[in-house]
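**Q** Dropping the structure in here first, questions after.
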Amino acid sequence: MTGYSVQSEGKCDGHTNMARDAELLERAEGGKSMARMYEWDGPWVSLGRFQDPHRDLIDMTIAPWVTRPTGGKAVLHGHDLTVSLARPLVSAASRDLKGEYRSLIGTFVRALNELGLKAALGEETRFVTRGLKTPDCFRNISPNDVIDPDTGRKLIGCALRMTRNAVLAQCSIPIGTPLCDPAQVYAHPHIGLPLDVGGPALRDGIAYSLETG
Numbered sequence: 150m151t152g153y154s155v156q157s158e159g160k161c162d163g164h165t166n167m168a169r170d171a172e173l174l175e176r177a178e179g180g181k182s183m184a185r186m187y188e189w190d191g192p193w194v195s196l197g198r199f200q201d202p203h204r205d206l207i208d209m210t211i212a213p214w215v216t217r218p219t220g221g222k223a224v225l226h227g228h229d230l231t232v233s234l235a236r237p238l239v240s241a242a243s244r245d246l247k248g249e250y251r252s253l254i255g256t257f258v259r260a261l262n263e264l265g266l267k268a269a270l271g272e273e274t275r276f277v278t279r280g281l282k283t284p285d286c287f288r289n290i291s292p293n294d295v296i297d298p299d300t301g302r303k304l305i306g307c308a309l310r311m312t313r314n315a316v317l318a319q320c321s322i323p324i325g326t327p328l329c330d331p332a333q334v335y336a337h338p339h340i341g342l343p344l345d346v347g348g349p350a351l352r353d354g355i356a357y358s359l360e361t362g
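In terms of our numbering, the sequence shown opens at residue 150 and continues consecutively.
Here it is in structure tokens:
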């Protein structure tokens, strides 16, 4: 796979970040493989495109919310590094959602392992959750999620959007403690821990993996 052109950005509001991610998908449909690494200008909640804020959020005033172009469940931002990447599909016949996800998420597993962190797909561990109904992305562990194989800690929350010609992945990696109480955002939230590696080192490691393919 050809490497990505990686843009390392600063902090923006949720609407700006989602608009820029949507642009990545548009460029991928035009044949370009691109990625953004960025943060948020405060606590924000991003909702999957099929979620309902009135149903999935306890209090919509605790943190501003925005709808992602991708699916998946809600993510609390502001204490994370977000990495969004988009690339063209090889052909319409290659529209295998699971295969695309595995290919994209493998980049992160390699990067974390090279930084000295234990990371594996959920299906390789005993921590996969079954039938858990929750609006919180990090509360659920699927066979395709990236987790710590020793503790079951979910390391990355990732959601996809596939069009006829391209795919977009939006991935959240906690690197600090939440800027607001997750229990005020949605019911029974996951209270996680940040990665055991600093933000600059994480950016550099992921950028290298993305650029080299």
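All C-beta atoms, glycine included, are put in the ideal place defined by N, C-alpha and C.
Excluding sequence positions up to five away, which residues of its chain have a Cβ less than 6 angstroms from the Cβ of V316?
**A** Translated into the one-based positions of the sequence shown, residue 316 becomes position 167. Within the same chain, V316 has close Cβ partners E249.
**Q** Give, in chain order, every unbroken run of the alpha helix (DSSP H) that is at least 4 residues long and sits entirely within the stretch 175-211.
**A** Counting only runs of 4 or more, we get 202-205.
**Q** Work out the CA separation of T312 and T256 for me, nearest whole Å.
**A** One-based indexing of the sequence shown puts residue 256 at position 107. One-based indexing of the sequence shown puts residue 312 at position 163. Those two C-alpha atoms are separated by around 21 angstroms.
**Q** For L328, report the span of its beta strand (DSSP E) as first-last.
**A** Counted from its first residue, the sequence shown places residue 328 at position 179. Here L328 belongs to no beta strand (DSSP E), and DSSP marks it neither H nor E.
**Q** By Cβ distance below 7 angstroms, which residues in the same chain neighbour A147 in space, the five residues on each side in sequence not counted?
**A** Residue 147 is absent from the structure shown; the chain starts at 150 and stops at 362.
**Q** Taking buried to mean at least 16 other C-beta atoms within 10 Å of its own C-beta, is M209 buried or exposed?
**A** By 1-based counting over the sequence shown, the position of residue 209 is 60. Exposed is the call here.
**Q** Using the three-state DSSP reduction, which class does L351 fall into: helix, strand or coil?
**A** Your numbering for residue 351 matches position 202 in the sequence shown. DSSP places L351 in helix when its eight states are reduced to three.
**Q** What is the DSSP secondary structure of V258, counted as helix, strand or coil?
**A** By one-based count along the sequence shown, residue 258 stands at place 109. The answer is helix: DSSP assigns V258 an H, G or I state.
**Q** DSSP has A235 in a bridge; who is on the other side?
**A** Counting from one through the sequence shown, the residue named residue 235 turns up at place 86. Bridge partners of A235: M183, L317.
**Q** Count the other C-beta atoms from every protein chain shown that fall within 10 angstroms of the C-beta of I207, then say buried if there are 16 or more, exposed otherwise.
**A** What you label residue 207 is simply residue 58 of the sequence shown in a count that begins at 1. By the 10 Å Cβ count, I207 comes out exposed.
**Q** I'd like to check one pair, L234 with Y153: are the Cβ atoms closer than 7 angstroms?
**A** On the sequence shown, residue 153 is found 4 positions in, with the first residue counted as 1. On the sequence shown, residue 234 is found 85 positions in, with the first residue counted as 1. Closer than 7 angstroms, so yes.
**Q** With 16 other CB atoms within 10 Å as the buried threshold, where does H226 fall?
**A** If you number the sequence shown from 1, residue 226 lands on position 77. The residue in question, H226, is buried, as its Cβ has 16 or more Cβ neighbours within 10 Å.
**Q** Give a yes or no on whether the C-beta atoms belonging to R217 and A177 are separated by under 7 angstroms.
**A** Sequence index remark: in the sequence shown, residue 217 carries index 68 (1-based). Sequence index remark: in the sequence shown, residue 177 carries index 28 (1-based). Not in contact: R217 and A177 (Cβ atoms no closer than 7 angstroms).
**Q** If the criterion is Cβ atoms closer than 7 angstroms, does the pair A168 and V194 meet it?
**A** By one-based count along the sequence shown, residue 168 stands at place 19. By one-based count along the sequence shown, residue 194 stands at place 45. No, they are not a contact pair.
**Q** Where L281 and A350 are concerned, what is the direct C-alpha to C-alpha distance, given to the nearest angstrom?
**A** Here the question's residue 281 lines up with position 132 in the sequence shown. Here the question's residue 350 lines up with position 201 in the sequence shown. Approximately 34 angstroms between the Cα atoms of the pair.
**Q** Measure the alpha-carbon distance for C307 versus D297 and round it to whole angstroms.
**A** Translated into the one-based positions of the sequence shown, residue 307 becomes position 158. Translated into the one-based positions of the sequence shown, residue 297 becomes position 148. Going by the C-alpha atoms only, they are around 15 angstroms apart.
**Q** Could you tell me if D205 is buried or exposed, where buried requires 16 or more neighbouring beta carbons within 10 angstroms of its beta carbon?
**A** Taking the sequence shown and counting its residues from 1, one reaches residue 205 at position 56. Under this definition D205 is a buried residue.
**Q** My output table needs one value for R310: the three-state DSSP class, helix, strand or coil.
**A** Here the question's residue 310 lines up with position 161 in the sequence shown. Correct three-state label for R310: strand.
**Q** Taking the alpha-carbon positions, what's the P192 to G163 distance?
**A** Taking the first residue of the sequence shown as position 1, residue 192 is located at position 43. Taking the first residue of the sequence shown as position 1, residue 163 is located at position 14. Cα to Cα, P192 sits roughly 9 angstroms from G163.
**Q** Does DSSP classify G265 as helix, strand or coil?
**A** Taking the first residue of the sequence shown as 1, we reach residue 265 at position 116. Here G265 sits in coil by DSSP.
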